[in-house]
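Visitor: Got a structure here, written out as structure tokens. Questions coming.
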Amino acid sequence: MKMSFQMPNQRQEQQRNKILEDLQKKQQLLKQQSISGQSSSAPQMTPNTTSLTPTTGATTATDTASTSSTSSGSMTSTQRAALNHANNNSFGFFIPQDSSFGNLILPVLPRF
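This is how it looks when you write it as structure tokens:
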């Protein structure tokens, strides 16, 4: 009988643990900020790019953000700022789109 599930190797385990630790830290930070200031604006967090660096020759979020922001000439400055903020603070990246439903950016998330 052959098992179809393969055990993750040590590098994958370490990477998964790093990501989980980062998520727990961010969650605690969000809880602290929500308790300390209910009326404050959205928390300013910078993602840990060391654990999220692509290992293949794929393009990064900043590469795609610069190409997508240049192709979106009809966006206002606030929409462009929102797109840049989303691209800089996300695991994936976002592309601009025209939508009659108000969805100005479309998320593109990587598969792991």
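So that you can map any letter, position 72 of the sequence shown is 72 in full-length UniProt numbering, and since no number is skipped, the others follow by simple counting. Just so you know, even glycine gets a beta-carbon here, dropped at the ideal spot from N, CA and C.
Could you check the C-alpha separation between T76 and R11 for me, to the nearest Å?
Guide: As a first step, residue 76 must be located in the sequence shown, where it is residue number 76. As a first step, residue 11 must be located in the sequence shown, where it is residue number 11. Going from the Cα of T76 to the Cα of R11 covers about 43 Å.
Visitor: Answer yes or no: do N87 and F94 have a C-beta to C-beta separation smaller than 8 Å?
Guide: Looking up residue 87 in the sequence shown gives position 87. Looking up residue 94 in the sequence shown gives position 94. Closer than 8 Å, so yes.
Visitor: In or out: L83 buried (at least 16 other Cβ within 10 Å) or exposed?
Guide: Against the sequence shown, residue 83 aligns to sequence position 83. Burial call: buried.
Visitor: If you draw a straight line from the C-alpha of K25 to the C-alpha of S36, how long is it?
Guide: Locating residue 25 in the sequence shown gives position 25, counting from the first residue. Locating residue 36 in the sequence shown gives position 36, counting from the first residue. Approximately 16 Å between the Cα atoms of the pair.
Visitor: Which of the three DSSP states is assigned to L29 in this structure?
Guide: The residue you call residue 29 lines up with position 29 of the sequence shown. Note: L29 maps to helix in three-state DSSP.
Visitor: Check L23 in the structure and name its three-state DSSP category.
Guide: As a first step, residue 23 must be located in the sequence shown, where it is residue number 23. Helix.
Visitor: Assign P96 to one of two classes, buried (16 or more other C-beta atoms within 10 Å of its C-beta) or exposed (fewer than that).
Guide: Counting from one through the sequence shown, the residue named residue 96 turns up at place 96. Its Cβ being crowded by 16 or more others within 10 Å, P96 is buried.
Visitor: Considering L109, what are the terminal residues of the alpha helix (DSSP H) in which it resides?
Guide: As a position in the sequence shown, residue 109 is number 109, starting the count at 1. Segment: none, L109 is in no alpha helix (DSSP H) and carries neither H nor E.
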